[in-house]
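Visitor: One structure follows; several queries about it will come next.
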Amino acid sequence: MGRTLAEKVWDDHVVRRAEGEPDLLFIDLHLLHEVTSPQAFDGLRQAGRPVRRLDLTIATEDHNTPTLDIDKPIADPVSRAQLETLRKNCADFGVRLHSLGDVEQGVVHVVGPQLGLTQPGTTVVCGDSHTSTHGAFGALAFGIGTSQVEHVLATQTLPLARPKTMAITVDGELPEDVTAKDLILAIITKIGTGGGQGYILEYRGSAIEKLSMEARMTICNMSIEAGARAGMIAPDETTFAYIEGRAHAPQGEDWDAAVAYWKTLKSDDDAEFDAEVVIDAASLAPFVTWGTNPGQGAPLSAAVPDPASYEDASERYAAEKALEYMGLTAGQPLRDIRVDTVFVGSCTNGRIEDLRAAAEIVGGRKVADGVRMLVVPGSARVGLQAVSEGLDLVFKEAGAEWRHAGCSMCLGMNPDQLAPGERSASTSNRNFEGRQGKGGRTHLVSPQVAAATAVLGHLASPADLSEADARTPAGVR
Amino acid sequence: MEAFTKHTGRAVPLRRSNVDTDQIIPAHWLKKVTRDGFEDGLFEAWRKDASFILNQPERAGATVLVAGPDFGTGSSREHAVWALQNYGFKTVISSRFADIFRGNSLKNGLLTVVLEQKIVDALWELTEKDPQAEITVDLEAREVRAEGITAAFELDENARWRLLNGLDDISITLQNEADISTYEAKRPSYKPRTVQV
Ligand code: SF4
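Protein chains in written order, with our numbering: chain A, 303 to 779; chain B, 361 to 557.
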């Protein structure tokens, strides 16, 4: 019987297989950041163990880093201490580190692909659940806890039980204004935040094949929000073209050998998945969340649902709690929801394509009065690219704030936070209570919806913007 | 890691589904660089509400958390496990855990027990009615027991063996060092490297 993509990559990394034990898998790439690594390095120190494979390990700073005044000492002493701990650990153990101020610094999941380190058929881990992002390249990539970080540092392997596989087939054409973000939000709402639990998801079908690498990363990024261990997309010419020429891409004969291997990385026609979900791309529309988990979403044209409409008691209760926290009432059109803040950034939508999409919409327009729009590139290099294209000016002229790279308001570990009761439209991946700041309320959206929302001051799609423009006298757009 | 064989204690019934790791321990606590001192951050936002179950005096000293489905969703932060342990919980019962959370808990000796929702419902009823009611989680017998309730649970044999003996994963893996070296020797040269060695 044929094998799925996930099974092929898994099998190629088994170091040891024994009856009654989890497989011991080799890890090709280990990404580190300041938040989940300190206790792991401490563990190594206590046991007197070195890092086994420094050449497969790389660190950057992202979660705590400020997005303003990056040349000054970090104001928050606790954040500063955590960054200094990472710097010391990397220096002591010899790990390559990209610190704040370095051109390769940025959100860890933007940095790996950008350097060409994320490659098809590799195993990639990081102490961060959105490691699933790297699956867009046909890598088996998943988030791990700090104990596992220590395990990988010490052994370059992990003992793991093999998850099941689920195919998510998306055929057809995505309608205009419908992006990868809308697609993944719709998938999560369909299968639920626990729907992918125990599975590696493989996204496939004609709609997926047409997507750029950046859009594929957006989709795989949020696999974890459906509870899945990982998300994958079979590598193809789009993937190879993205990698070719990057700093760590294979060269010469190695390139040819690599591509030959990469071409074998797709699910066989007779491979069997443990579960399958089919989605018609043409049926999708811009999608936003109204609740406090990423599965509580609806098309932008819909209304806030009535909790009473949920049959399942715990879902009903969760919806009631969510509406209370979000300050929303059932039946309220989603388009009427006014926001205070718009955040464009994160490892979900902080890449250059996302910034271009948002800039195109706010270009020549103004951010609505009373709305703060924050644009945070996913990495310093993405920021530089945006500047070279003049996107920073577009944002600034529209009245948005152009910031330095990092996780920023995705989780508010740095000063970029919502105030209690403030509402955001955010291109990030989590709308949990308090995620963007204590008492903050988050609506997850695509960069296009974020930009249109910033201009109109309420949740909106680019189409709403053209209608608003049509009502405005010519020349004063 | 501390071994887990059998534990008996009073419970906290937490009737919420989808309790994500941001609720278990908010991000600002993640700046700490130790594995301890997270107890005050556990469910921090909810604890501001005097009526929250953890704030009830009769729940003080409880060691068994009985949670709703999809407990521990969201981030990979092991801090969520440490916070539960620092607070005093020895075991968490739910009908469904998020994968990464479950893996993290078992690595730290916090036993996560999966029971059918109807048994979780029964445990909620029992411990809501009687805060003094005790729950026993017996890993040797793979059984949860409380007044009027006996329920078997599953845990894969390998994880169970590691927990019962409090074994450290890294030492076990390093016993297979030769396998790792053999694998490394045959890795293709086109695989990416972060630095030249
Ligand atoms: S951008 Fe957000 S989701 Fe991504 S790594 Fe940073 S905090 Fe996590």
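We put the beta carbon where it would ideally sit given N, CA and C, even for glycine. Keep in mind it's a predicted model, so treat the numbers as computed, not measured.
1) Going by C-alpha distance, which of A:489, A:419, A:701, A:399 is nearest residue 541 of chain A?
2) Tell me whether the beta-carbon of residue 715 of chain A lies closer than 9 Å to the beta-carbon of residue 391 of chain B.
3) Mind checking if residue 378 of chain B is an interface residue toward chain A, Cβ cutoff 9 Å exclusive?
4) Given that residue 733 of chain A touches chain B, what residues does it touch there, using C-beta distances under 9 Å?
5) Taking any Cβ of chain A, which residues in the region 448-463 of chain B have a Cβ under 7 Å from it, in chain order?
6) By the 10 Å Cβ neighbour count, where 16 or more other Cβ atoms means buried, how is residue 527 of chain B classified, buried or exposed?
7) Can you tell me whether residue 335 of chain A is helix, strand or coil according to DSSP?
8) Going by other Cβ atoms of all chains shown within 10 Å of its Cβ, with 16 needed for buried, is residue 377 of chain A buried or exposed?
9) Under a three-way DSSP split, which group does residue 565 of chain A fall into?
10) What residues in the region 505-524 of chain B have a beta carbon less than 8 Å from any beta carbon of chain A?
11) Looking at chain B, is there any beta carbon in it that lies within less than 9 Å of the beta carbon of residue 725 of chain A?
12) Verify whether the separation of the beta carbon atoms of residue 398 of chain A and residue 554 of chain B is less than 9 Å.
13) Interface residues of chain B around residue 449 of chain A at Cβ under 8 Å?
14) Could you tell me the alpha carbon to alpha carbon distance between residue 450 of chain B and residue 524 of chain B, rounded to whole angstroms?
15) Compute the beta-carbon to beta-carbon distance between residue 641 of chain A and residue 702 of chain A, rounded to the nearest angstrom, for a pair I have assumed lies under 8 Å.
16) Measuring straight from C-alpha to C-alpha, what distance separates residue 333 of chain A and residue 365 of chain A?
17) Answer yes or no: does any C-beta atom of chain A fall closer than 9 Å to that of residue 551 of chain B?
18) Report the neighbours of residue 317 of chain A on chain B: residues whose CB is nearer than 7 Å to its CB, in chain order.
19) Can you tell me which of A:706, A:725, A:360 puts its alpha carbon nearest to the alpha carbon of residue 638 of chain A?
20) Taking only heavy atoms of the ligand SF4 into account, decide whether any of them is closer than 8 Å to the Cβ of residue 732 of chain A.
21) Taking beta-carbon pairs under 8 Å, can you tell me which members of the region 496-512 of chain A lie near chain B?
22) What does residue 383 of chain B touch in chain A if you count any residue whose Cβ is under 9 Å from its own?
23) So, are the CB atoms of residue 328 of chain A and residue 458 of chain A less than 9 Å apart?
24) Can you name the residues of chain B whose CB is closer than 9 Å to the CB of residue 550 of chain A?
25) Taking only runs that begin and end inside the region 505-538 of chain B, name each unbroken beta strand (DSSP E) of 3 or more residues, in chain order.
26) If you drop the 5 nearest sequence neighbours on each side, which residues of the same chain put their C-beta closer than 7 Å to that of residue 777 of chain A?
27) May I ask which residues mark the beginning and end of the alpha helix (DSSP H) holding residue 647 of chain A?
Guide: Inspection of the coordinates gives the following:
1) On the first sequence, residue 541 of chain A is found 239 positions in, with the first residue counted as 1. Here the closest residue by C-alpha is A:419.
2) The residue given as residue 715 of chain A occupies position 413 in the first sequence. The residue given as residue 391 of chain B occupies position 31 in the second sequence. Yes, they are a contact pair.
3) The residue you call residue 378 of chain B lines up with position 18 of the second sequence. For residue 378 of chain B, the answer is yes, since a Cβ of chain A falls inside 9 Å of its Cβ.
4) For the purposes of this step, residue 733 of chain A is identified with residue 431 of the first sequence, where counting begins at 1. Near residue 733 of chain A there are no residues of chain B at all, since even the closest Cβ is about 10 Å away, more than 9 Å.
5) 456, 458, 459, 460, 463
6) Here residue 527 of chain B refers to the residue found at position 167 when the second sequence is read from its first residue. By the neighbour-count rule (16 or more Cβ atoms within 10 Å), residue 527 of chain B is not buried but exposed.
7) Here residue 335 of chain A refers to the residue found at position 33 when the first sequence is read from its first residue. Reduced to three states, the DSSP call for residue 335 of chain A is coil.
8) In the first sequence, counting from the first residue as 1, residue 377 of chain A sits at position 75. Classification for residue 377 of chain A: exposed.
9) For the purposes of this step, residue 565 of chain A is identified with residue 263 of the first sequence, where counting begins at 1. Residue state, collapsed to three classes: coil.
10) Going along the region 505-524 of chain B in chain order, one finds 516, 517, 518 with a Cβ nearer than 8 Å to chain A.
11) If you number the first sequence from 1, residue 725 of chain A lands on position 423. Chain B contact via Cβ: absent.
12) Residue numbering aside, residue 398 of chain A sits at position 96 when the first sequence is read from its first letter. Residue numbering aside, residue 554 of chain B sits at position 194 when the second sequence is read from its first letter. Contact: yes.
13) Along the first sequence, one-based indexing puts residue 449 of chain A at 147. Under the 8 Å cutoff, chain B gives 438, 464, 467, 468, 529.
14) As a first step, residue 450 of chain B is located in the second sequence; it is residue number 90 there, counting from the start. As a first step, residue 524 of chain B is located in the second sequence; it is residue number 164 there, counting from the start. Going by the C-alpha atoms only, they are around 14 Å apart.
15) Here residue 641 of chain A corresponds to residue number 339 of the first sequence, with the count starting at 1. Here residue 702 of chain A corresponds to residue number 400 of the first sequence, with the count starting at 1. With 8 Å as the limit, residue 641 of chain A and residue 702 of chain A do not qualify as a contact, their Cβ atoms being about 14 Å apart.
16) Stepping through the first sequence from its first residue, residue 333 of chain A is reached at position 31. Stepping through the first sequence from its first residue, residue 365 of chain A is reached at position 63. Rounded to whole angstroms, residue 333 of chain A to residue 365 of chain A spans 13 Å at the Cα level.
17) Looking up residue 551 of chain B in the second sequence gives position 191. Yes, residue 551 of chain B lies at the interface with chain A (some Cβ there is under 9 Å from its Cβ).
18) Numbered from its first residue, the first sequence carries residue 317 of chain A at position 15. The contacting residues are 539, 540, 543.
19) Position 336 of the first sequence holds residue 638 of chain A. Minimum Cα distance to residue 638 of chain A is reached at A:725.
20) Translated into the one-based positions of the first sequence, residue 732 of chain A becomes position 430. Yes, since a heavy atom of the ligand SF4 falls inside the 8 Å radius drawn around the Cβ of residue 732 of chain A.
21) 496, 499, 500
22) Position 23 of the second sequence, counted from the start, is the residue given in the question as residue 383 of chain B. Within chain A, the residues near residue 383 of chain B are 734, 735, 736.
23) In the first sequence, counting from the first residue as 1, residue 328 of chain A sits at position 26. In the first sequence, counting from the first residue as 1, residue 458 of chain A sits at position 156. In this structure, residue 458 of chain A lies closer than 9 Å to residue 328 of chain A by Cβ.
24) Along the first sequence, read from residue 1 onward, the residue named residue 550 of chain A stands at position 248. Those within 9 Å of residue 550 of chain A in chain B are 552, 553, 554.
25) 509-512
26) Indexing the first sequence from 1 puts residue 777 of chain A at position 475. Low confidence applies here, because residue 777 of chain A scores a pLDDT of 46, under 50, leaving its location unreliable and the question unanswered by this model.
27) Mapped onto the first sequence, residue 647 of chain A falls at position 345. Going by DSSP, residue 647 of chain A is part of no alpha helix (DSSP H) at all; its letter is neither H nor E.
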